[in-house]
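Note sheet for the following structure.
Protein chains: 2
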Amino acid sequence: MTIRLCGRTVSSRSRFIPEGGHRCQKPAGHRGRCSEFHYLEHFGRTNKRLRAKIIRDATMTTGAAWKSDDAGPNRIRRWAMLLSDAELLPLGVDMAALRPIIVAKLREKAATYEACMSVAKKLTHSAYQMPGAPVCPPDIRSYLESHFGPFQSGSTTCLICREALPFDLFQNAVRGKAEIETAHRNPRFHSPENVGFAHRGCNIAQGPRTVDEFYDWIRGIIERVESN
Amino acid sequence: MTIRLCGRTVSSRSRFIPEGGHRCQKPAGHRGRCSEFHYLEHFGRTNKRLRAKIIRDATMTTGAAWKSDDAGPNRIRRWAMLLSDAELLPLGVDMAALRPIIVAKLREKAATYEACMSVAKKLTHSAYQMPGAPVCPPDIRSYLESHFGPFQSGSTTCLICREALPFDLFQNAVRGKAEIETAHRNPRFHSPENVGFAHRGCNIAQGPRTVDEFYDWIRGIIERVESN
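These protein sequence lines are chains A and D, in that order. Numbered per our numbering, the first sequence finishes at 270, counting up by one with no gaps. Numbered per our numbering, the second sequence finishes at 270, counting up by one with no gaps.
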């Protein structure tokens with residue numbers, strides 16, 4: 043059902059894909075300029091922070107002490123983490139200077155450019171189906187539906203606790219932290235089937251487990267609590 | 043059942059209790075020197091880090107960016123957080139210079155000196171009842187039992203998931219973090235009935251909820267998962 047994409051090279055400031063690896067994601071034969079994130083154009087006008095969040099979560103590793111322990115969290119493109127230490131060094135990233143813990147955290151976030159593009163579309167598809175989400179312009183809707191199936195308005199739930207996830211939670215922040223995070227059914231894989239939005243607290247509770255492991259774990263707790 | 047304590051003033055470097063508020067915790071009429079933590083003397087010889095952990099968790103607030111955002115986590119006595127900003131300033135703690143988020147986190151950790159002393163004893167009582175714990179010297183055992191009842195060897199479970207908590211987890215650390223943390227049934231109260239040891243992952247999953255709220259929350263998740 044997925045449509046054929048244009049796939050022409052688009053310019054990008056990213057230095058981690060050689061020979062113009064960034065590709066236009068519009069449908070083949072589209073009119074107008076090529077673009078990587080045309081389906082986020084509506085959120086770009088109505089909810090800039092959400093557009094930025096989707097692109098960031100889809101394409102970047104999460105925070106890690108990057109330049110130094112004191113420099114605070116920083117991010118890098120997920121596909122850069124597919125390159126070897128030797129390939130990264132001339133690109134300005136000295137993996138050997140980082141603590142092994144940080145290296146492991148970053149390397150485990152590695153994903154291909156194509157996977158990241160799919161994840162961004164999947165997250166956009168989910169966002170438009172949250173209760174209270176703005177109406178999706180028809181061209182964007184049909185583009186997203188061609189990738190991931192028909193919208194069911196208001197159907198998006200937290201990937202972990204399965205409760206409805208109201209769109210306006212994107213506006214809220216508790217102690218400076220967004221209330222909605224991008225979560226992974228299996229934290230090791232960054233792919234559209236595996237990602238979704240979740241409450242921040244749920245994502246933290248899941249920890250390094252897969253969602254199924256998390257369910258097994260909490261089932262065990264309830265059994266022990268109730269047998270007492 | 044609690045025995046009467048000596049209660050004489052002991053010297054301390056802490057500046058947050060005026061007029062010698064630190065008190066000897068030995069039984070009234072004891073022989074030898076007064077001491078605040080005599081019941082940790084055995085762990086002090088056999089497991090120094092555990093002794094330090096019990097005292098730290100019982101008496102100190104958890105990490106917060108103290109001197110500055112860049113200074114990293116720091117700690118302060120829990121009873122200091124009962125003093126007003128005006129009382130703390132001449133003691134070298136400028137609460138007004140901290141971000142409101144940090145102030146809230148610290149103030150919510152406030153507890154009296156007496157509560158902290160009881161918590162330290164309770165944690166020691168729990169530690170000796172973990173599977174694989176060293177045998178407790180009889181004088182320490184009877185002291186702890188006089189506060190919190192008879193030992194049941196190997197009976198200590200994680201406060202949250204209720205699985206047995208083996209003593210040797212105190213030695214383990216994953217990514218530099220200890221595997222056992224001190225947890226609170228209700229995170230707002232620092233009292234012996236309310237504290238216990240827990241797996242780090244369980245403590246994180248509990249988050250700001252009470253343990254009962256946590257159980258209700260995970261019951262709801264299991265219901266939603268199973269109704270799908």
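Ideal Cβ positions, reconstructed from N, Cα and C, are used throughout, including at glycine.
Count the other CB atoms, across all protein chains shown, that sit within 10 Å of the CB of residue 260 (chain D); report buried if there are 16 or more and exposed otherwise.
buried
Pull up the DSSP beta-bridge partners for residue 51 (chain D), would you.
D:65
State buried or exposed for residue 168 (chain D), treating a residue as buried only when at least 16 other CB atoms are found within 10 Å of its CB.
buried
If you compare alpha carbons, which of A:209, A:235 and A:262 is closest to residue 173 (chain A)?
A:209
Enumerate, from N- to C-terminal direction, the unbroken alpha helix (DSSP H) stretches of 4 or more residues contained entirely within the region 79-156 of chain D.
Complete alpha helix (DSSP H) runs here, min 4: 83-88, 90-101, 127-130 and 142-149.
For a contact defined as C-beta to C-beta under 9 Å, what are the partners of residue 135 (chain D) on chain A?
Per Cβ cutoff of 9 Å: no residues; residue 135 (chain D) is ~21 Å from chain A at best.
State the CB to CB distance for the pair residue 222 (chain D) and residue 241 (chain D), rounded to an integer number of angstroms; the pair is presumed to be in contact (CB under 8 Å).
7 Å
So residue 267 (chain D) contacts chain E; which residues on that side make the cut at Cβ distance below 7 Å?
Although the question refers to chain E, the structure presented lacks it and instead comprises the protein chains A and D.
Name the chain D residues whose beta carbon is nearer than 7 Å to that of residue 243 (chain A)?
249
Grouping DSSP H, G and I as helix and E and B as strand, with all else coil, what is residue 59 (chain A)?
coil
Counting contacts by CB-CB distance shorter than 8 Å, is residue 117 (chain D) in contact with chain A?
no
In or out: residue 115 (chain D) buried (at least 16 other Cβ within 10 Å) or exposed?
Bear in mind that a pLDDT of 44 at residue 115 (chain D), under 50, signals an unreliable position, so the number given afterwards is only what the model happens to contain. Classification of residue 115 (chain D): exposed, given that the 10 Å Cβ count is below 16.
When the distance is taken between beta carbons, is residue 66 (chain A) closer than 8 Å to residue 78 (chain A)?
yes
By Cβ distance, which residues of its chain are closer than 6 Å to residue 196 (chain A), with the 5 residues on each side in sequence left out?
173
So, under 8 Å CB-CB, residue 198 (chain A) and residue 239 (chain A) are touching, yes? Tell me the CB distance rounded to an integer number of Å.
7 Å
Chain D beta carbons: is any one of them nearer than 8 Å to that of residue 261 (chain A)?
yes
Find out if the Cβ-Cβ distance for the pair residue 123 (chain A), residue 140 (chain A) is shorter than 8 Å.
no
Alpha carbon to alpha carbon, how far is residue 51 (chain A) from residue 75 (chain A)? Give it in angstroms, no decimals.
11 Å
With 16 other CB atoms within 10 Å as the buried threshold, where does residue 111 (chain D) fall?
Any answer about residue 111 (chain D) is weak, because its pLDDT of 45 lies below 50 and its placement is not dependable; what the coordinates show is given next. It counts as exposed.
Can you tell me the Cα-Cα spacing of residue 231 (chain A) and residue 266 (chain A), whole angstroms?
31 Å
What is the rounded straight-line gap between the Cα of residue 106 (chain D) and the Cα of residue 68 (chain A)?
Unreliable placement is indicated for residue 106 (chain D), whose pLDDT of 48 sits below 50; no coordinate value is reported for it.
Could you please give the first and the last residue of the uninterrupted beta strand (DSSP E) stretch that includes residue 241 (chain A)?
237-241
Could you give the DSSP three-state label for residue 46 (chain D): helix, strand or coil?
coil
Is it buried or exposed, residue 45 (chain A), if we count other Cβ atoms within 10 angstroms and call 16 or more buried?
exposed
So which residues of chain A does residue 246 (chain D) contact, with C-beta pairs closer than 8 Å?
246, 247 and 249
So, is the C-beta of residue 222 (chain D) closer than 8 Å to a C-beta in chain A?
No, its Cβ sits nowhere closer than 8 Å to a Cβ of chain A.
Closer than 8 Å, CB to CB, is residue 45 (chain A) near chain D or not?
Interface annotation, residue 45 (chain A): not in contact with chain D, CB-CB separation never under 8 Å.
Near residue 49 (chain A), which residues of its chain fall below 7 Å by C-beta distance, leaving aside the five closest residues on each side in sequence?
65 and 66
Can you find the residues in the same chain that come closer than 7 Å, C-beta to C-beta, to residue 103 (chain D), ignoring five residues on each side of it along the sequence?
117, 118, 120, 123, 148 and 151
Can you give me the C-alpha to C-alpha distance between residue 63 (chain D) and residue 252 (chain D), rounded to a whole angstrom?
31 Å
Just the chain D side, please: which residues come within less than 8 Å of residue 264 (chain A) by C-beta, in chain order?
257, 260, 261 and 264
Can you give me the Cβ contacts of residue 97 (chain D) inside the same chain, cut-off strictly under 8 Å, excluding the 5 residues immediately before and after it?
79, 82 and 162
Counting only the same chain and skipping the five closest in sequence on each side, list residues whose C-beta sits under 8 Å from that of residue 193 (chain D).
Cβ within range, chain order: 167, 170, 171, 178, 183, 186 and 187.
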